[in-house]
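Down below is the structure, laid out as structure tokens.
Protein chains: 2
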Amino acid sequence: MKELFKEEKLARFTKDIVKKLGLGEEEASVFSDSLIIADLRGVASHGVIRLPTYVERVETGVLNPRAEMIMEQTGNAAALFDANNGFGQIAGHRAMSYAIEKARDHGIGFVAVKNSNHFGMAAYYAMMALEAGMIGLVLTNSSPAMNPFGTIVPLLGTNPLAIAVPTGNAKPIVLDMSTSVVARGKIRHAALTGKDIPVGWAVDAEGKPTTDAKKALKGSLEPIGGPKGSGLSLIIDLLCGVLTGSSLTGEVKTVTDMSGCARTGHVFCAINIAHFRNVEAFKNDVDAIIAMIKGLPARTAGAVYMPGEIEFNLTAQRKQEGIPLDEAVIETLNSVAERYSVARLS
Amino acid sequence: MKELFKEEKLARFTKDIVKKLGLGEEEASVFSDSLIIADLRGVASHGVIRLPTYVERVETGVLNPRAEMIMEQTGNAAALFDANNGFGQIAGHRAMSYAIEKARDHGIGFVAVKNSNHFGMAAYYAMMALEAGMIGLVLTNSSPAMNPFGTIVPLLGTNPLAIAVPTGNAKPIVLDMSTSVVARGKIRHAALTGKDIPVGWAVDAEGKPTTDAKKALKGSLEPIGGPKGSGLSLIIDLLCGVLTGSSLTGEVKTVTDMSGCARTGHVFCAINIAHFRNVEAFKNDVDAIIAMIKGLPARTAGAVYMPGEIEFNLTAQRKQEGIPLDEAVIETLNSVAERYSVARLS
């Protein structure tokens, strides 16, 4: 059973909780925004469902909600921030804002962040560039889940990248993708519901292709395009983990691992279109390309969708109808609410 | 039958030819370098085998070997160059050199190039960053060969990206990959030798998966990871084609199409490691990660290879033994040589 919640209600709830953890008004808004926008876009895995886990990280002392982010290096266009083990959402929002500011003057802004935490949905930060008339690019590393090509050990993260490109009348292009064939969550879901998975999603603990979801969970996710996805994930890790001096490959802790700091690293980049050409001309060209692609013969019956389009459609729908939450999720959220003397969701 | 040629001999030959086309000494060296290094790395498709095609572009007047590249926009860290329909290799080398120069002062350098041509092997330019202690990133768009996800028409290019990361004692990491599952050349080879291709490489003209190489050539290459590779290719095109104002998706001409200018666009980016942390510490960390990955249990018997490692090994071998060329290729090169009164290869 699912219940529908207006975004304002979930945002208020989320803000109330994280303010109790020590976040200021503005920080709480950013944090709640990032979760609610994920839920609106249908990316439930990065939505309010994660709130209890974030709270637990604070409670166990492996995340510092009052961390002061420090600017370690700045230049005209590039910077390194130390998130000091604060919320990835707060670090991410500040870092992307800074990248956009830098790109205003210099055409490009590039901000790397070290000692951060799980920042939720990468697209959230990439999309911040859109209003500024810029292209946003966001990278993050993540905990081990995927084998380096040719090996059988899940050392690499699924290390996602997100890119947002402004448009005129069309919906913005927002690509948000991991470097693995599928998210681990899809395999977990198949295991829970007793379903097989397609060949190519994962290998078992011996590195053999498997359709058994339970064996896959003990094994490793497969990278897209074999050595290509594996290489991309490694490069994202070298930028987010090593360029920042945050962690070596394999060292990032998953958000549910309470045994220590996550040591996640991110990269935020903004490209100022106006530095290169007239922004309206750029947007018109992108609109024309979108129209061209959407006008191509579809492979199967139905429309052709651009990256992010389904998520924009779902956002419009959920802004009207509300965001659906499972009863079990509501219960978990309410138990957090009670612990912090915040009004229950329902 | 193959004959082996010392790299110096092929370089001299290539330089002699392109100097006859109007390139100066330094430009001719860059051009020949980019081809010979591709051959050394085993990327024959971007080696001297291409020389007759480049010459033909000049002869038919669709490429201007004496083009003056113009700096249209510059900032502290970002720039736009107009290659004015000159050689992609010359434009690429200048643009990447400029990106490296900019990154020295500003932490990052980002140079986009419009109205360019096929620039050969992307890794060549990315690797230029290595000696400067920087990470190099190179993107280029290319002619239509791959379907946007969900469609059956090859509108997108295989739009490659190359990234080079400096190391200490280990061989540098050099990822050079297209966004398609395989290169079109592999399917062409299968068609010529009457072999089937694996499912997943391509679709036929009706958008149906096919193992028939001939049908695949009339159809479309498949992107890696479905919507992921398709989205990446589109983004690379928006950066190289649209941000530069060079061309819309689908408009770039392949190097063998002599009906007009290619209107290729590229992006060159250098990230100055020293701006973020101690370069030696960075390199040591990357070395440690490489050792860790190469020490993982391999999926099949044999070593685990890092991106670019096989190419470095082959380069060492070919620097000793020479570069193998087919008799047919030698013949074609010699017929160009005769036309330009240059000494034959053999």
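The listed protein sequences derive, respectively, from chains P and H.
For the first sequence, the numbering used here begins at 1 and goes up steadily by one.
For the second sequence, the numbering used here begins at 347 and goes up steadily by one.
Just so it is clear, CB atoms sit at the ideal spot from N, CA and C, and this is done for glycine as well.
Judged by beta-carbon spacing, ILE100/P lies beyond the 8 Å limit of VAL55/P, meaning their Cβ atoms are not closer than that value. Sequence-distant Cβ neighbours of VAL165/P in its own chain, meaning closer than 7 Å and more than five residues away, are ILE135, PRO172, ILE173 and VAL286.
DSSP links PRO569/H through a beta bridge to SER526/H. Under the Cβ distance rule, ARG645/H counts among the residues neighbouring chain P, one pair being separated by less than 8 Å. Beta-bridge pairing by DSSP links GLY482/H to ALA510/H and ALA616/H. Rounded to the nearest angstrom, the gap between the Cα atoms of ARG50/P and HIS189/P is 16 Å. Residue contact check for GLN419/H against chain P: a CB pair falls below 8 Å. Put simply, the region 461 to 476 of chain H touches the region 425 to 440 of chain H. At least three CB pairs are less than 8 Å apart. When rounded, the separation of the alpha-carbon atoms in ALA183/P and SER220/P is 11 Å. Here ILE108/P is buried. Its C-beta has 16 or more other C-beta atoms within 10 Å. Interface residue (Cβ-Cβ distance to chain P less than 8 Å): LYS574/H is classified as such. HIS106/P belongs to the set of residues whose beta carbon lies under 8 Å from a beta carbon in chain H. In the three-state reduction of the DSSP assignment, ILE669/H falls in the strand class, which pools E and B.
Classified as buried, ALA559/H has 16 or more neighbouring CB atoms from the shown chains inside 10 Å of its CB.
Annotation: Cβ neighbours of THR590/H in chain P (cutoff 7 Å, chain order): PHE276. Under the Cβ distance rule, PRO148/P counts among the residues neighbouring chain H, one pair being separated by less than 8 Å.
Distance from the CA of GLY133/P to the CA of ASN659/H, rounded to the nearest whole angstrom, comes to 45 Å.
When only Cα atoms are considered, ALA491/H and THR504/H end up about 6 Å apart.
Contact with chain H is absent for GLY168/P, since none of that chain's Cβ atoms lies less than 8 Å from the residue's Cβ. Along the region 618 to 642 of chain H, the positions whose C-beta sits under 8 Å from a C-beta of chain P are ASN618, ILE619, HIS621, PHE622, ARG623, ALA627, PHE628, ASP631, VAL632, ALA634, ILE635, MET638, ILE639 and LEU642, read in chain order. Of the candidates MET127/P, LYS2/P and THR244/P, THR244/P places its Cα closest to the Cα of VAL625/H. When only Cα atoms are considered, ILE163/P and ILE236/P end up about 14 Å apart. Straight through space, the alpha carbons of ASP522/H and MET474/H are spaced by roughly 14 Å. Counting along the chain, no beta strand (DSSP E) covers ASN284/P; the unbroken alpha helix (DSSP H) around it starts and ends at 279 to 294. Contact annotation: SER380/H and LYS361/H have beta-carbon atoms that are not nearer than 8 Å. Among the bridge pairs identified by DSSP, ALA202/P is matched with LEU221/P. Boundaries of the alpha helix (DSSP H) around LYS366/H: 353 to 366. For MET467/H, the secondary structure class from DSSP, reduced to helix, strand or coil, is coil.
Taking 8 Å as the threshold, the shortest C-beta distance from PHE456/H to chain P falls below it.
DSSP places ASN313/P within a helical segment (H, G or I) once states are collapsed to three. In this structure, ALA298/P lies near THR497/H, with their beta-carbon atoms less than 8 Å apart.
In this structure SER524/H touches PRO506/H by the C-beta definition: roughly 5 Å separates them, less than 8 Å. Cβ-Cβ distances below 8 Å link ALA516/H to VAL632, ASP633, ILE636, ALA637 and MET652 in the same chain, with the five nearest sequence neighbours on each side left out; the list follows chain order.
Under the 10 Å beta carbon count, THR256/P is surrounded by fewer than 16 other beta carbons and is classified as exposed.
Between PHE276/P and the set ALA303/P, LYS2/P, LYS6/P and ARG104/P, the nearest pair of CA atoms involves ARG104/P. DSSP places ASN115/P in the strand class (E or B) of the three-state scheme.
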